[in-house]
Each structure stands twice: as structure tokens, then as C-alpha cells.
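Numbering (the working numbering), first residue to last: 1 to 91. By construction, the Cβ of each residue, glycine as well, lies at the ideal position given by its N, Cα and C atoms.
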């Protein structure tokens, strides 16, 4: 099944959370934080007032409680408005 966001909505996929800390401590699943960095899966076309500034494949940072979580084909995704994206990760 495919999902195509409308207007200024963006479909995101969570990046896998690291399971160990920088010092090598293995984290239990209950102590892991929700990921803050997501990958853009699809973006809507924008609106007359809002130009879409992200594209498929971009990595972005969003607020912890932004957007709506959905499950599609057994995978977790999040749909957010373009305004909910705080930054684009530049490598």
C-alpha cells in the first residue's frame, strides 16, 4: 500500500535508535528515548502559501510530540506538517 501526503504534510520513518551509549552501555528497550531524527519517505506538493522545502530521503528533526503516528504494512510512520519540522540534518 502506498501513501501520498496532501498539501504541506510529510510522511516520516523513524531512524533506528542506538542500543548502546558512547561508553558501550547497552540500553534496555524501556530506557530508549523516542527518536528525534526521521527520514522523509514522501512529501506533499505544498500549497500556494507554503513551498515544500524537504524531499524524499532527507533526514529531519521534529519535536517529540509532533504529528500523528500510523502503522502501514506493519511499519511505523509519522505524518507531520512542514511547520513541525525543526531542522534538516546536513551530513
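DSSP bridge partner residues for residue i (one or two, in chain order)
i          : result
residue 60 : 38, 88
residue 23 : DSSP output for residue 23 lists no bridge partner at all.
Cβ-Cβ separation, residue j to residue i (assumed contact under 8 Å), whole Å
i          : j          : result
residue 60 : residue 88 : 5 Å
residue 1  : residue 58 : Actually they do not touch by this definition, with Cβ atoms about 23 Å apart.
Rounded C-alpha distance that separates residue i from residue j
i          : j          : result
residue 82 : residue 9  : 6 Å
residue 76 : residue 69 : 7 Å
residue 31 : residue 80 : In this prediction, residue 31 has a pLDDT of 46, which is less than 50 and means its spatial position is unreliable; what the coordinates show is noted afterwards. Approximately 25 Å, taken between the alpha carbons.
residue 95 : residue 51 : The shown model of the chain, from 1 to 91, leaves out residue 95, and the question about it has no answer.
residue 6  : residue 53 : 14 Å
residue 44 : residue 67 : 15 Å
7 Å Cβ shell around residue i - same chain, five flanking residues per side excluded
i          : result
residue 55 : 40, 43
Sequence-distant residues of its chain with Cβ nearer than 8 Å to residue i (five each side left out)
i          : result
residue 15 : 35, 37, 38, 39, 59
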